[in-house]
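Sequences listed follow chains R and W, in order.
Residue numbering for the first sequence follows the numbering used here, beginning at -17 and increasing consecutively.
Residue numbering for the second sequence follows the numbering used here, beginning at 680 and increasing consecutively.
Glycine included, every Cβ here is placed at the ideal spot set by N, Cα and C.
On a predicted model such as this, the values are computed, not experimentally measured, just so you know.
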Amino acid sequence: MKPGQAAGERLWISPIRDKDMSTKSKYLTSLLGFGGLTAVLYFLLFYFETEIVEITSKGGWSFLIPVTIAFAISYGHGNFTAVFWDWLGIKAKN
Amino acid sequence: MTLDPISASFIDLDLGGILLLLSFGFVGGLVSGFIGSGGAFVLTPAMMSIGVPGIVAVASNICHKFPKALVGALKRAKYGQVDFKLGAVLGVSAEVGMLYGAHIQESIKTAFGHSGSNLYVSTAFVIILAVVGSYVLYDAWMIHRSGEYQAEEKVTRLARWVQSLDIPGTMIYFPSIKARISFLVTIPIGFATGMLAATIAVGGFIGVPSMMYVLGAPSLMASATELVIAFVMGLGGAIQYGWGGHVDIRLAMILLAGSLFGIQLGAIGTTYVQPYMVKVVMGVIMVIVLFSRAIMIPVYLSELELIEQIAPENIKYLRNLSFGIMSLALVTGAGIILRALILGMRAHRSELAAAAAAQPAGHGPLPR
Chain R
-17 MKPGQAAGER
-7 LWISPIRDKD
3 MSTKSKYLTS
13 LLGFGGLTAV
23 LYFLLFYFET
33 EIVEITSKGG
43 WSFLIPVTIA
53 FAISYGHGNF
63 TAVFWDWLGI
73 KAKN
Chain W
680 MTLDPISASF
690 IDLDLGGILL
700 LLSFGFVGGL
710 VSGFIGSGGA
720 FVLTPAMMSI
730 GVPGIVAVAS
740 NICHKFPKAL
750 VGALKRAKYG
760 QVDFKLGAVL
770 GVSAEVGMLY
780 GAHIQESIKT
790 AFGHSGSNLY
800 VSTAFVIILA
810 VVGSYVLYDA
820 WMIHRSGEYQ
830 AEEKVTRLAR
840 WVQSLDIPGT
850 MIYFPSIKAR
860 ISFLVTIPIG
870 FATGMLAATI
880 AVGGFIGVPS
890 MMYVLGAPSL
900 MASATELVIA
910 FVMGLGGAIQ
920 YGWGGHVDIR
930 LAMILLAGSL
940 FGIQLGAIGT
950 TYVQPYMVKV
960 VMGVIMVIVL
970 FSRAIMIPVY
980 LSELELIEQI
990 APENIKYLRN
1000 LSFGIMSLAL
1010 VTGAGIILRA
1020 LILGMRAHRS
1030 ELAAAAAAQP
1040 AGHGPLPR
């Protein structure tokens, strides 16, 4: 038995537990980071909805606004949803 | 929460409407993440059912489609399922096909009115879905009956012939197919995909089966690569409709909020299932949707006065029934995916537990 090892404890269990804890905390940090970014982006969209819809409904080069918003939200929310399922333990099979 | 009607064509949306769009977005995303497309066709009628004008519904749907496809394609690329080269080559010709399809739609609408255009769309839906959907479902059934789920997917005779063609100056190597294919073959496939996307909003019903049966791509690669095509087409469509001022970005982003949860889950699902499940889900959805469109054909024929008039209350009943069947198709597809995902995860965890039990103490970490 190695120093610090409890009686009956198998050596390979502890490192996995530690790894799980650190992975969980990493997921939580990413989840809060991307979740916060997504929330801010959606808040801005609906806070300035009058201005945004007024401009975009005129058409022409204003198409850049919805396209840019779509890219920005897909970045924040895409990462948030990816981490969300990982955090719940629903991960792809290796 | 209520969204104010800012422009004449942009509607007032209440909490019920928002929740409906989030739910449809989620289920649509789940299906798209798994089979590469097929989730969007119900979103346009869903938006129209809560009062969104047709063109704004189409425009907002397409503006939610390209970021969704982008996220799905990147996710599935992590699993090594995407052939970006094939997606880009097909996507460019699909873009042209979509523009041509929209032009045909416009011409039919000018010549025969709204009902004529609807009749054309529904007839295209029924014919294509009957032929392609039945074949996809038949193929899935044959694989199921043979029990050879793990076997390498059989390349059709047509695909072998296409791969054997050697037209100098036109050949491109595609990693997913592991063969050189002439772009003279990929152009009509992409074009047809785009035309179908402009007609029934789901190009993947042609794109994915074509990649599988005409080019010889494995079904998981075909469904993942379709997301690249959907991104290219969706971006082009969003620019086109955005230029016309028809995109209600609020609606598009509400749909996206739900659909990104779904597309991630659908993509994860592909790593747990046998490849033939892509064919099962696609075939089932196509065949059910076929009925939803078929029951609307008499309505359009009646509106064009080609058959006896149908009473307005019966028309309303048929419209609701059609929308119900369409939603049922999507929910059935999503149900099959979720069931396959849950069973796949359960089996995988049992394998891991068995491996851990077989692992002698002190012999390194468990497989993850």
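Cβ neighbours of W:A736 in the same chain (closer than 7 Å, five flanking residues each side left out):
Once the five neighbours on either side are set aside, the close Cβ partners of W:A736 are T723, M726, M727.
Quiz prompt | Exposure of R:H59, with buried meaning 16 or more beta-carbon neighbours within 10 Å | solution = By the neighbour-count criterion, in which 16 or more other beta carbons inside 10 Å mark a residue as buried, R:H59 falls on the buried side.
Note to self: I want to know whether the stretch 877 to 890 of chain W touches the stretch 764 to 783 of chain W - three or more CB-CB distances under 8 Å.
What the structure shows: Judged by Cβ distances under 8 Å, the stretch 877 to 890 of chain W makes contact with the stretch 764 to 783 of chain W, as three or more pairs qualify.
- If the cut is a Cβ gap below 8 Å, which residues of chain W does R:T5 touch? Correct list: empty, because the minimum Cβ distance to chain W is about 10 Å.
_Which residue wins for smallest C-alpha separation from W:G873, given the options W:S801, W:C742, W:E905?_
Out of W:S801, W:C742, W:E905, the CA that lies nearest to the CA of W:G873 is found in W:E905.
query = Taking W:G948 as the reference, which of W:L692, W:F705, W:A1019, W:H823 has the closest Cα?
reply = The option with the nearest alpha carbon to W:G948 is W:A1019.
*Contact with chain R by W:F698, beta-carbon distance below 7 Å*: Rather than Phe, the amino acid found at residue 698 of chain W in this sequence is Leu. The beta carbon of W:L698 sits no closer than 7 Å to any beta carbon of chain R.
### Message
For W:S630, which residues in the same chain have their Cβ closer than 6 Å to its Cβ, ignoring the five residues on either side in sequence?
### Response
Residue 630 of chain W lies beyond the range of chain W shown here (680 to 1047); nothing can be said about it.
Practice item. Reducing DSSP to helix, strand and coil, say where W:M975 ends up. Key: W:M975: coil per DSSP, three-state reduction.
Practice prompt. Under 7 Å between beta-carbons, which chain R residues line up against W:T950? List them in chain order, please.
Written response: The contacting residues are A74, K75.
**Prompt:** Exposed or buried, which one is W:P954 when buried takes at least 16 other CB atoms within 10 Å?
**Reply:** Answer is buried; the Cβ neighbour count reaches 16.
**Item:** Contact between the stretch 745 to 752 of chain W and the stretch 907 to 917 of chain W (3+ Cβ pairs under 8 Å)
**Value:** With a cut-off of 8 Å, the stretch 907 to 917 of chain W and the stretch 745 to 752 of chain W count as touching, because enough Cβ pairs lie within range.
Requested in this report: In the DSSP assignment, find the unbroken beta strand (DSSP E) run with W:S861 in it and report its ends.
Outcome: Element bounds for W:S861: 858 to 861.
W:A1037, buried or exposed, once every other Cβ within 10 Å from all chains shown has been counted against 16:
Exposed, because fewer than 16 other Cβ atoms sit within 10 Å of the Cβ of W:A1037.
* Asked: Taking buried to mean at least 16 other C-beta atoms within 10 Å of its own C-beta, is W:A936 buried or exposed?
  -> A buried status is given to W:A936, since no fewer than 16 other beta-carbon atoms sit within 10 Å of its beta-carbon.
Mapping DSSP to helix, strand and coil, what is W:I729?
Three-state DSSP puts W:I729 in coil, outside helix and strand.
Review point. Which whole-angstrom value describes the C-beta separation of R:T20 and R:I55, a residue pair presumed to lie in contact below a C-beta threshold of 8 Å?
Key: The C-beta distance from R:T20 to R:I55 rounds to 7 Å, short enough to fall under 8 Å.
**Asked** Checking contacts by CB at 7 Å: is W:L692 closer than that to chain R?
**Response** False, the Cβ-Cβ gap to chain R never drops below 7 Å.
Original post:
Just the Cα atoms here: how many angstroms apart are W:M821 and R:W43?
Top reply: Rounded to the nearest angstrom, the two C-alpha atoms are 51 Å apart.
Of all Cβ atoms in chain W, is any one closer than 7 Å to the Cβ of R:T63? Interface residue (Cβ-Cβ distance to chain W less than 7 Å): R:T63 is classified as such.
Residues of the stretch 919 to 930 of chain W whose Cβ lies closer than 9 Å to any Cβ of chain R, in chain order = Result list: Q919, Y920, G921, W922, G923, G924, H925, V926, D927, I928, R929.
Counting pairs of beta carbons, one from the stretch 61 to 76 of chain R and one from the stretch 971 to 983 of chain W, are three or more of them closer than 8 Å? Inter-segment contact for the stretch 61 to 76 of chain R and the stretch 971 to 983 of chain W is absent: fewer than three beta-carbon pairs are separated by less than 8 Å.
Residues of the stretch 942 to 969 of chain W with a CB closer than 7 Å to any CB of chain R: list them in chain order, please.
-> The residues in question are Q943, L944, I947, T950, Y951.
**Prompt:** Is it right to say W:L769 is buried, meaning 16 or more other beta carbons lie within 10 angstroms of its own, or is it exposed?
**Reply:** It counts as buried.
Could you list which residues in chain R have their beta carbon closer than 8 Å to that of W:Y828, in chain order?
Residues of chain R passing the Cβ test: none, with the nearest at roughly 15 Å.
Requested in this report: Report yes or no: do three or more beta-carbon pairs, one from the stretch 956 to 964 of chain W and one from the stretch 1005 to 1017 of chain W, lie closer than 8 Å?
Outcome: The count of Cβ pairs closer than 8 Å, one atom from the stretch 956 to 964 of chain W and one from the stretch 1005 to 1017 of chain W, reaches three, so the stretches are in contact.
Quiz item: Cα separation between W:A871 and W:T865?
Solution: Taking the straight line joining both Cα atoms gives about 10 Å.
Taking 7 Å as the threshold (C-beta atoms), are W:A903 and W:V761 in contact? Going by beta carbons, W:V761 and W:A903 fall inside the 7 Å limit.
Please classify R:K(-16): does DSSP put it in a helix, a strand, or coil?
-> Below a pLDDT of 50, predicted positions are generally treated as unreliable, and R:K(-16), at 43, falls in that range; no measurement from the model is reported.
- Message: Output needed in chain order: residues of the stretch 3 to 27 of chain R with a Cβ under 9 Å from some Cβ in chain W.
- Response: Taking 9 Å as the Cβ-Cβ cut-off against chain W, the residues of the stretch 3 to 27 of chain R that qualify are T20, L23, Y24, L27.
Beta-carbon proximity check, W:M1024 vs W:Y951, cutoff 7 Å:
Remark: C-beta atoms of W:M1024 and W:Y951 approach each other more closely than 7 Å.
- Message: Give me, in chain order, the residues of the same chain whose beta-carbon lies closer than 8 Å to that of W:G795; leave out the 5 immediate sequence neighbours on both sides.
- Response: Result list for W:G795: I787, K788, Y979, L983, in chain order.
Excluding the five sequence neighbours on either side, which residues of its own chain have a C-beta within less than 7 Å of the C-beta of R:V49, listed in chain order? Cβ neighbours of R:V49 within its own chain (closer than 7 Å, five residues either side excluded): none.
Item to complete: Please compile the residues from chain R whose C-beta is within a distance smaller than 9 Å of the C-beta of W:A917.
Response: Chain R residues near W:A917: F45, P48, V49, A52.
task: Mind checking which residues open and close the beta strand (DSSP E) that includes W:I986?
output: Element bounds for W:I986: n/a, residue is neither H nor E.
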